[in-house]
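Residue numbers (the numbering used here): 7 to 597. Virtual Cβ for every residue (Gly too), placed ideally from N, Cα, C. Following: one structure in structure tokens, then a few remarks.
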Amino acid sequence: MTGQASEVGATTRMTTIDGKYGVLRELSHHGNVTLSEVRAAEGVTRQVAWFEISTPADRQAFHAYRSVLRALNPAGLTDIVARPGAYYAVWQTVGGIPLEGMLAQPKKRQETLDNIRTLAARLAEHGYALMDADIVIEGDEPRVAYLRALQLPRTPEDIAARNVAVLSALKDGKVRRKRQPGAWLAFIPGLLFLGGAGYLGAQAAQIYLNPPVREVAGVGGQEARAAARKLTEAGFRVAYTEGQVGNQGVGTIIRQDPAAGTNLPIGRLVTLTVNNPPSIEVPKLEEQNLEQAKNILKDRSMVLGKVLKVDGTLTNTPEGRIVSQLPEAGSPAQRGQPIQVMVSTGISGKVTFLPNLTGLTVEQARDYARAAGLVITRVSEQPSDKPPGSVLEQTPAQFVQVDVGSPVTLSVAVARYSAPSREAGSLPLPPPPPVPTPPPEPEVPSGPLPLPQDPSPLPLPLPQEQIPAPQEPPDTTVPTRVPTPDEVPATPPGTAPDTTSPDTNSAAAPDTTAPPSRTVSFQYTFPADLPAGTYNVVVSDASGERQILQPTDASQLAGRNANSSQPLQVTGEAVFIVRRDGADYDTVDPN
Numbered sequence: 007m008t009g010q011a012s013e014v015g016a017t018t019r020m021t022t023i024d025g026k027y028g029v030l031r032e033l034s035h036h037g038n039v040t041l042s043e044v045r046a047a048e049g050v051t052r053q054v055a056w057f058e059i060s061t062p063a064d065r066q067a068f069h070a071y072r073s074v075l076r077a078l079n080p081a082g083l084t085d086i087v088a089r090p091g092a093y094y095a096v097w098q099t100v101g102g103i104p105l106e107g108m109l110a111q112p113k114k115r116q117e118t119l120d121n122i123r124t125l126a127a128r129l130a131e132h133g134y135a136l137m138d139a140d141i142v143i144e145g146d147e148p149r150v151a152y153l154r155a156l157q158l159p160r161t162p163e164d165i166a167a168r169n170v171a172v173l174s175a176l177k178d179g180k181v182r183r184k185r186q187p188g189a190w191l192a193f194i195p196g197l198l199f200l201g202g203a204g205y206l207g208a209q210a211a212q213i214y215l216n217p218p219v220r221e222v223a224g225v226g227g228q229e230a231r232a233a234a235r236k237l238t239e240a241g242f243r244v245a246y247t248e249g250q251v252g253n254q255g256v257g258t259i260i261r262q263d264p265a266a267g268t269n270l271p272i273g274r275l276v277t278l279t280v281n282n283p284p285s286i287e288v289p290k291l292e293e294q295n296l297e298q299a300k301n302i303l304k305d306r307s308m309v310l311g312k313v314l315k316v317d318g319t320l321t322n323t324p325e326g327r328i329v330s331q332l333p334e335a336g337s338p339a340q341r342g343q344p345i346q347v348m349v350s351t352g353i354s355g356k357v358t359f360l361p362n363l364t365g366l367t368v369e370q371a372r373d374y375a376r377a378a379g380l381v382i383t384r385v386s387e388q389p390s391d392k393p394p395g396s397v398l399e400q401t402p403a404q405f406v407q408v409d410v411g412s413p414v415t416l417s418v419a420v421a422r423y424s425a426p427s428r429e430a431g432s433l434p435l436p437p438p439p440p441v442p443t444p445p446p447e448p449e450v451p452s453g454p455l456p457l458p459q460d461p462s463p464l465p466l467p468l469p470q471e472q473i474p475a476p477q478e479p480p481d482t483t484v485p486t487r488v489p490t491p492d493e494v495p496a497t498p499p500g501t502a503p504d505t506t507s508p509d510t511n512s513a514a515a516p517d518t519t520a521p522p523s524r525t526v527s528f529q530y531t532f533p534a535d536l537p538a539g540t541y542n543v544v545v546s547d548a549s550g551e552r553q554i555l556q557p558t559d560a561s562q563l564a565g566r567n568a569n570s571s572q573p574l575q576v577t578g579e580a581v582f583i584v585r586r587d588g589a590d591y592d593t594v595d596p597n
């Protein structure tokens, strides 16, 4: 409760609520609610229930209380205000007999009792009991003069138990039934029955056989209650069904059956379809800029409402960022509902500094920058032996004083290049070691042996027992030297001996396991609700990683399509990696 003090008489001091209600005295204080008697600008006396809001839970409870007041529309409520720093409800005096005084009367009217039971049912629907409200009786109608806010909602069992005392008192004493006017003339229909029976019977038969026909009025777009009243006054019966469309208000008629303009006998049924779309959750917009907030709301079929400019000094919110929103994040809302936001105009007249961020993660550094009133606008990567994702350098440097709202750039560590670990595929197995067969006997290769290139020195003759029996005619060319089995090169099983010339064998065989080269293209659509940060894209293949998209802020990428302007040359298996603030955010297979 804020305001300035002024003298009233000799001893009473008055404070002002919201600059327009002068406090005369404090009536009660319960929880975070203070009820005071005030004097309005026009000189009338009112009661103001002031709510001290210090936590999000308090603010949520107040908005729930305001929703109940709007649904019940109490006779004593004149105004309810909800804005940052001012949450209160204004009540006026309602004339009538208090409910306790009516219950103490020895005789009660039946209509009054029925209306009290109806009011109790309405209060119970919103989690309130009769004793939570100050009720006065005016005529036969109970009216709510004041409704106390609850810290916690009541359970149906608790409400029923609290209402028992009041509802049971309604049964005490005598109940005066409503007298039918003209009851003493009840004998007249009997006297007239014989004379008018024939006429009435004829008229009834005429109406039954030929009921009057009327045109069904068009009620599309009207509020459901008003549309039903219009049709029932025309003599039709009305039934409701629910549907949903996105371009009409909640609770309005979106279609009717039969259609407007149809001639229909009186008493027939007209079915009205009421627009009642399911509620959706309000997203969090705080710390976003207006463009990001519009994209987030567009994904939820909502729109940005009134934008208020506020000073961001107290909340350390940089210029252009959202400080608060209404309704709050997580609250239920309807499609198309506007969301009001407060945007910071910046932090005026303050300088700040950053501590040493070296070794912290990007998220930890972002928290320090936000607390200092600064904004990280760029995150670059630098190969290092430090832990990946840790901060290596910062601008501005540590403890250098800068204006609040200034940009901050970070350099974070990434792992130095190492060949990616992937399956090497099928490799040839080494040949099995030769198994000697006893007795060991030399074997002559089936094909011709290569001739030595240098004829000197001549080979020594082999022992006679190691020379195999000749298998060819005497005129067949026999090499001057037969190698031993240990000198014959081993070959993989199932392959024939190499019979090529020495020059061919001496050439190096091509590497058949080298990964092939190919061209690929990159295509990726960034989501509309892209988290804040700096994004870049690299391609990783058998030859390493290389960057194809420079670091870019999320606000420039959200909802946009990125693709390579020309094919990219890769080696072996390749994958595109989308990184956010140096950490992997998504992977994309090449096309």
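Per-residue DSSP class, three states only, for residue 513: Any answer about residue 513 is weak, because its pLDDT of 42 lies below 50 and its placement is not dependable; what the coordinates show is given next. Coil.
Inside the region 61-136 only - beta strand (DSSP E) runs reaching at least 3 residues: 83-89, 92-97, 113-115
The region 265-277 contacting the region 297-311, beta-carbon criterion three pairs below 8 Å: no
Beta-carbon proximity check, residue 301 vs residue 535, cutoff 9 Å: yes
Pair within 9 Å by beta-carbon distance, residue 385 and residue 588: yes
Own chain, CB closer than 7 Å to residue 103, minus 5 neighbours either side, in chain order: 142, 143
Cβ contact (3+ pairs, closer than 8 Å) linking the region 162-170 and the region 91-102: no
When 136, 316, 88, 39 are compared against residue 24, the one with the closest alpha-carbon: 88
Nonlocal neighbours in the same chain, by C-beta distance under 6 Å from residue 364, ignoring five residues either side: 397
Contacting residues, own chain, Cβ-Cβ under 7 Å from residue 81 (five flanking each side not counted): 100, 149, 150, 151
Residue 410 beta carbon near the ligand NAD (any heavy atom closer than 8 Å): For the structure depicted, the ligand NAD is absent and the ligand set is empty, with no information on it obtainable.
Simplified DSSP state of residue 304, which is helix, strand or coil: helix
For residue 569: DSSP bridge partner residues: 529
For residue 593 and residue 521, believed in contact at Cβ under 8 Å, the rounded distance: That belief does not hold up - the Cβ atoms of residue 521 and residue 593 are roughly 19 Å apart, past 8 Å.
Cβ-based burial, residue 595 [other Cβ within 10 Å; buried from 16]: exposed
CB of residue 542 within 9 Å of CB of residue 556, strictly: yes
Among 218, 217, 236, the one whose alpha carbon lies nearest that of residue 224: 236
Supposed close pair residue 318, residue 351 - CB separation, criterion 8 Å: 6 Å
Three-state secondary structure (DSSP) of residue 262: strand
At least three beta-carbon pairs within less than 8 Å, the region 284-297 to the region 327-341: yes
Contact under 9 Å by Cβ, residue 410 with residue 382: no
Expected contact under 8 Å - CB spacing of residue 160 and residue 134 to nearest Å: 7 Å
Under the three-state DSSP convention, the category residue 232 falls into: helix
Same chain, Cβ closer than 8 Å to residue 121, five either side skipped, listed in chain order: 146, 147, 148
Residue burial classification, residue 379 (beta-carbon count within 10 angstroms, cutoff 16): buried
Cα-Cα separation between residue 36 and residue 85, rounded to whole angstroms: 20 Å
Status (buried if at least 16 other CB within 10 Å, exposed otherwise) for residue 305: exposed
Test item: CB-CB of residue 353 and residue 323 under 9 Å: yes
Residue 496 classed as buried or exposed, judged by whether at least 16 other C-beta atoms fall within 10 angstroms: Model confidence at residue 496 stands at a pLDDT of 43, short of 50, so the residue's coordinates are unreliable; what they give is reported in the following sentence. With fewer than 16 Cβ atoms within 10 Å of its Cβ, residue 496 is classed as exposed.
Exposure of residue 516, with buried meaning 16 or more beta-carbon neighbours within 10 Å: In this prediction, residue 516 has a pLDDT of 49, which is less than 50 and means its spatial position is unreliable; what the coordinates show is noted afterwards. With fewer than 16 other Cβ atoms within 10 Å, it is exposed.
Within 9 Å, strictly: CB atoms of residue 153 and residue 30: no
Cβ distance (whole Å) where residue 46 is taken to contact residue 27 below 8 Å: 6 Å
Coil, strand or helix - residue 267 by DSSP: coil
Burial state of residue 377, where buried means 16 or more other Cβ atoms lie within 10 Å: exposed
Expected contact under 8 Å - CB spacing of residue 584 and residue 530 to nearest Å: 7 Å
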